[in-house]
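Working notes, structure below.
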Amino acid sequence: MVDEPKETKLRVRRRPNPRLDQLRRTWYFFRRNTLAMIGLGILIFFVILYVVSFFYAAPATQLETYQATNGSLPTPTAIFTQVCTYQQGESPPGPNCYLTPVGMPSVIGPTATLRTASLGPLPFGSLTLNPPGQIFYNTFDGLVKGTQWSLTISVGVVVSGAFIGILLGIVSGYYGGVVDEVIMRLTDIFLSVPGLLLVIITLAVFAPSVTNLWTRVGLVIAAFVVVWWPSYARIVRSQVLVVREQRYVEAAKASGAQGGRILRKHILPNSIYPVFVQMSLDVGTVPLLIAAIVFIGFQVFTTRSFPEWGTITAFSAQPDVLASFITNCQSASALGLGCTFPWWQFFFPGLTLFLFAISVSFFADGLRDALDPRLRR
Amino acid sequence: MVAAAGAPMASIIPDPTEIVHLPPPEVHAETVEGPGVSHGDVVLDIRDLRTYFYTYDGVVRALDGVSFKLRRQETLGLAGETGCGKSVTAFSVLRLIPDPPGRIVSGKILFRGADLLWGLEREAKVKPIKKTGRVKVSRRFRRIKAAAARMMAVRGHGISMIFQEPSQAMNPVFPVYDQIGETLALHRGQHIIDQLLNATPDSPELLPAIERLTEAVRSHASNERLEELAAAVGNATNLPSFGTQAFYAARTALTSSPDALTIELRSALRRLRLSGLQRSYLKYRRRQTEFIDQLRETYMREMQEGQSHRLLEARSRRRSFANRWSHPQFAVPFVHRRAEKPLKDELFWQTVALLEGVQIANPVRVARCYPFELSGGMIQRVMIAMALSSEPTVLIADEPTTALDVTIQAQILDLMRDLKHRIGTSTLLITHDLAVLAEVADRICIMYAGNIVENAPVMNLFSNPLHPYTRGLLASIPRVDQPDKRLESIPGSVPNLITPPSGCRFHPRCPYAMPVCKETRPPMTDEGNGHQVACFLYHGPAVVE
Amino acid sequence: MRLWIYVVRRILLIVPVIIGVMTITFVLVNALPVSQRLVSYYGPSPRLSYDPVIPCSKLTGNPSTLGNCTNPAYTRGVAALGLDKPIPVQWAIYIGNSLTGHWGYVGNGTGVTQSVPITRGQPVVTVLGWFLPYTLELAGLSLLLILIIAIPIGNLSAVNRNRPVDQAARVLSFSGYAMPAFLLGSVLLMAFVLLLGGSSGLSPFCHGQSSYTDLTGSWPPPQCFPGQLYPTWLQSGAISSPTGFPTVDAAYHGLWFMALDTLIRILIPAFVIAYGTVALLLRFVRNSMLEVLNLDFVRTARAKGLPEKTVVKKHAGRNSLNVTITVLGLTFAGFIGGFPIIEQVFQLNGVGRMIAYSVTLTPYDFGMIFGSTILFTLLVVSANIIVDVLYAFLDPRVRLG
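Chains as they are written, first to last, in our numbering: chain A, 1 to 377; chain B, 378 to 922; chain C, 923 to 1323.
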């Protein structure tokens, strides 16, 4: 017997907003992608951390307390520094001391400090010690505070870059002609220079003269934006070229719409979807690039120990430091001393960078698959 | 019976009892005897085929119980509007439906005693989710892949297919001889290699034959004479493709210098003199083709007997498969190229012969071309040549002429008709153009919204259309003999296949709709003379599946 | 159109781009105070000052002289470097020089010369010529690794869409993108150093040296090869001779073991670079393969009865290669910029490390900076041209159509 499909009840649903439906559809496909949901979850965690970081102030570092109560600082041996950390209020030096080779970078944070994380309006402590320029603070504190800076810079770069890129891309794609040629040559030029180099050189030229922290941050954002906008312009332009030929644009023109209106209502909303994907991907790239620049040796921010993810990671992984660690450890074993490699100094910051970038890429990939009309089932 | 109780007498569609007189169709002498007579056994039997597509917007019931039979040497036309499911039927037969999102849900396709859809139920499970009203399809990909692999037994070999847009259907980066050669090697590889291995380039009759050919060229003999003599040359070497090569060499020598012909042919013999390396390569390729043939046989038997244990047998045989790694010397690029040259040349000339068969004027040039250099009509001929090269039992042609203009269309149809008689393939011709079917088909199935509504021999369909949809279609065709006839259209539009109408899918647009049409789907009934229809207006005995 | 016409056209299109890049560097140069440029060129001097004005007391030697006078050193330096001419003239001279290959000189006493003394006073072109082959070797090996990893895995991902293989490949490629290269490099370096050296940290191959020197640097240290075994040109401090490529050089001189050694030294860095770049390429191969698999001729190939493996490899593969090559060209451009990091970690004698030194060790060496920027731009642009030509070569439609 042939099965009979029941007569379908016609549900009268008001569909005033096709955009809302498209959103719902996109969300449906996004939701079914496990990796994308994991990425989204981690990103939400970072957003919460971002909000928290504005109010977060680390407890004063223990060494400072030590100095305050004892009037002197731990003296370094020839090849090692003894670093002791202990709870606030505990009388020094506690059992949490370890030897770290001289030259090892400037963030400390053994597990004890991870247990004593406390949120609340406490002053952010930092301290200058011998050797000069070496600043001690807690890895955990540095990472939490660093969220504020890293995310602000990333989002600032991506949003400004996208803004300029979209603007120029739309103009170039829609009007064509000389304007298009000029803008395309410009993007060619900027895309031909390796981005990292251009950022470093721009910073090298302009940064020494800027000492105010916020201006410096603005300069960093500007340097990145200069390198970043061409890729957005390219993406938008290719989309505009496709959208421009669609029938509804022709129809709009036939009914008398002027250029600006067409751009705003028809071209713009339909051309910017690929940009969203690229934007989300780039948010993850920026902290990695800052880390790379600091690693190369160019100090991006005003102080050497600026609490920003990339800065912290880079300082802990400098090649000369690692080399000296090995040689010092050899000498230490000759002397019969143990040698603790403070792995946490680059592991946790590196992990943060890694988690942020990978969650962003899962999210962006899921977004791309959900938005792609051909891959929809 | 005549008019539905309570339903008004529609003026749009003529009274079903009135016989419409059509002018007698052109009778082709070679067509098989009379309409409505079955010519013997059924080669392809499709029973209750259901293919659904599971999409975000719902389940598209593209085919909902399609059944028909294709007989030996019969041309069956499958006609219907765009979107009624004709192409889906064709793809379902060869299992070319992309598995997410589509799925052949149930049915039987019997071919040569095998059910091509064997094992279907175990490939996926469909569960309705009550809350959202959606369905969840859990696919077992390994089984689906195995099923697709099993189809290798029939694809190209027993059932061939040609597609709708000829210019997109061929791979743009390989020339024509490469793509056809691939097909030849796959399906007739053994035969070709045997011929090549047994060729006799040093036969005593060869040189005299070449001399005679050269003489004929010098005296500007006719094409037929040249063909004859070139075939003789081929016979002398025991290799017909050398005859083809000789023919085309002679043709070009007609315009250039005839004296060079002998020298040219003598040097062309080089391709028949196989070195040891080439011989061993040919033997290695022969083992491969043997293996593929065995595999095909195994798959076919699996489907015939409905058992999978033979797959294990094939797997153990696969271990003895002669592949690249068992003969690494053939993997080195230079060696490989030298070794396969005779085979490639042989395939080239066999391709040329094949293209001759589809009436292409300059086959040597066309064989060397890339697909984008050829026109649509030419490519469609090439596709036909490729499809028929393996002498399949069934040829499925999916709208072969829709993308071509009318003059080319006529040529292609003539070609197909001609080939049908020569080779004797059964054809399933899918089109929306009834005029084409009137010319070429023996039998026509009319499809509407995923169901077959009428199935009749061509004469009967046009002289006595039973189903209201068919009548509507025919009424909308302009007629040369009735210049003042009104072109009627069928009111309404094609239904949404996600939520198709209940019962008979045509009932919302049917002027004869009765209450029963909304509730139950009409069964296919036999109205005599081989004419079947699915409509409650007719009360013949039900067609037993 | 004919292939060579196509090539010439492509080459001509890059001239405005190159001029544009040089203009940008020119603008950046001129944003700097002149005194810094003088320092870069002449080297910091304990006696002279490069400021435009100095207290007159310094000139006369009499501490009681008041006021400020113009610094003759400054005036002389400015005149010598041509910095007193109007800006457009300077630009024209700069472009002219850049196009003809006069890219200036490495300064005396800049950070670069302090760390690599042999470069002092040499023309930038020569210095870059010494270091470029090392970077090219590294780039070549990375490219090879990327191709070997990305294309098979990308194809596998496309054929098994959304199944476990695809998801695993996705995670792999994203982890490559998310991991900071220097971190991965440092961690791998440390791991191998400890692996080779054990607790004592001594090298098993080279007596008395730390295992750290086994894995860093482009050449093994001279202490490993006492006597004549060590190439003489390295002993005198030169970078490499005669071809410039370390492996080729060592092989040319018959030092096979050392040639192998140089190759092994760039193996881990190449792997780190490949790991980071595979992310982008993998997605692209997968997506282009997915697109191709939906095209009509793939369906025809299946309908012919070809086994699925042949359909994917032969028919789909050739068609998706075009897009892959394009992306390869783009990534080649990308990872040239990333080399400074890897070369710094592994202490290789590449252009990247020189750039890193020139922008981080004060005083900055502007000759090096701008010369290497132009060099990198040229490399990127030529990579793009090669990609376009390859594309035209592989796709007969471009050639004949």
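Even glycine gets a Cβ: it sits at the ideal position worked out from N, Cα and C.
Listed along the chain, the chain C residues whose CB falls inside 8 Å of the CB of phenylalanine 540 of chain B are Asp1218, Arg1221, Thr1222 and Ala1225. Going by C-alpha positions, asparagine 548 of chain B is about 18 Å away from leucine 724 of chain B. What phenylalanine 518 of chain B touches in chain C, judged by beta-carbon distance under 9 Å, is Asn1082 and Arg1085, going in chain order.
For the set C:Tyr972, C:Asn952, C:Ser1064 and C:Thr987, the Cα lying nearest the Cα of isoleucine 1009 of chain C is the one of C:Asn952.
Here glycine 1274 of chain C is actually not in contact with valine 1200 of chain C; their C-beta atoms are around 20 Å apart, not less than 8 Å.
Per DSSP, the beta bridge partners of valine 512 of chain B are B:Pro505. The C-alpha of methionine 529 of chain B is placed about 10 Å away from the C-alpha of isoleucine 536 of chain B. Fewer than three Cβ pairs drawn from the stretch 830-849 of chain B and the stretch 928-940 of chain C lie within less than 8 Å of each other, which leaves the two stretches out of contact. Around the CB of aspartate 21 of chain A, fewer than 16 other CB atoms lie within 10 Å, so the residue is classed as exposed. The straight-line gap separating the alpha-carbon atoms of glutamine 258 of chain A and alanine 252 of chain A is approximately 9 Å.
Bridge pairing for threonine 432 of chain B: B:Gly435 [DSSP]. The beta carbon of alanine 222 of chain A does not come within 7 Å of any beta carbon belonging to chain C, so the residue lies off that interface. Nearest CB-CB separation between methionine 1211 of chain C and chain A: not below the 7 Å threshold. Taking a contact as a CB-CB distance under 8 Å, the pair serine 767 of chain B and histidine 564 of chain B counts as one, their CB atoms being some 4 Å apart. Per DSSP, tyrosine 1286 of chain C lies in no alpha helix (DSSP H) and is assigned neither H nor E. The closest CA to that of leucine 631 of chain B, considering only B:Asn600, B:Phe430 and B:Ala911, is found on B:Asn600.
Glycine 169 of chain A and valine 226 of chain A have their C-alpha atoms spaced approximately 15 Å apart. Distance from phenylalanine 354 of chain A to phenylalanine 1104 of chain C at the Cβ level is roughly 13 Å; contact not present, criterion being Cβ atoms closer than 8 Å. Here the alpha carbons of lysine 446 of chain B and leucine 796 of chain B stand approximately 21 Å from one another. A Cβ of chain A is located within less than 7 Å of the beta carbon of valine 939 of chain C. For cysteine 978 of chain C, the enclosing alpha helix (DSSP H) begins and ends at 978-982.
DSSP places threonine 804 of chain B in the strand class (E or B) of the three-state scheme.
The C-beta of histidine 1237 of chain C comes closer than 7 Å to at least one C-beta of chain B. Under the 10 Å beta carbon count, threonine 614 of chain B is surrounded by 16 or more other beta carbons and is classified as buried. Comparing alpha carbon positions, the residue from C:Phe1254, C:Arg1092 and C:Ser1280 closest to alanine 1196 of chain C is C:Phe1254. Cβ-Cβ separation between phenylalanine 1114 of chain C and isoleucine 1190 of chain C: approximately 7 Å, consistent with a contact (criterion under 8 Å).
Counting only Cβ-Cβ distances below 9 Å, aspartate 282 of chain A has no contacts in chain C at all, with the closest Cβ about 12 Å away.
In the displayed model, arginine 517 of chain B falls within coil according to three-state DSSP, outside both helix and strand.
For arginine 932 of chain C, no Cβ of chain B is located within less than 7 Å of the residue's own Cβ. With a threshold of 16 other beta carbon atoms within 10 Å, glutamate 592 of chain B falls short and is exposed. When C-beta distances to chain A are compared with 9 Å, every residue of the stretch 1060-1071 of chain C stays at or above that value. Burial is judged here by how many other beta carbons sit within 10 angstroms of a residue's own beta carbon; isoleucine 789 of chain B has at least 16 and is buried.
According to the DSSP assignment, tyrosine 1016 of chain C belongs to the alpha helix (DSSP H) that extends over 1009-1022.
Considering only A:Glu181, A:Ala370, A:Arg261 and A:Gly297, the residue with the shortest C-alpha distance to phenylalanine 276 of chain A is A:Ala370. In this chain, cysteine 822 of chain B is not harboured by any alpha helix (DSSP H); it is covered by the beta strand (DSSP E) spanning 820-825. Within the stretch 627-689 of chain B, the runs of alpha helix (DSSP H) that reach at least 4 residues and sit entirely inside it are, in chain order, 636-645 and 653-682.
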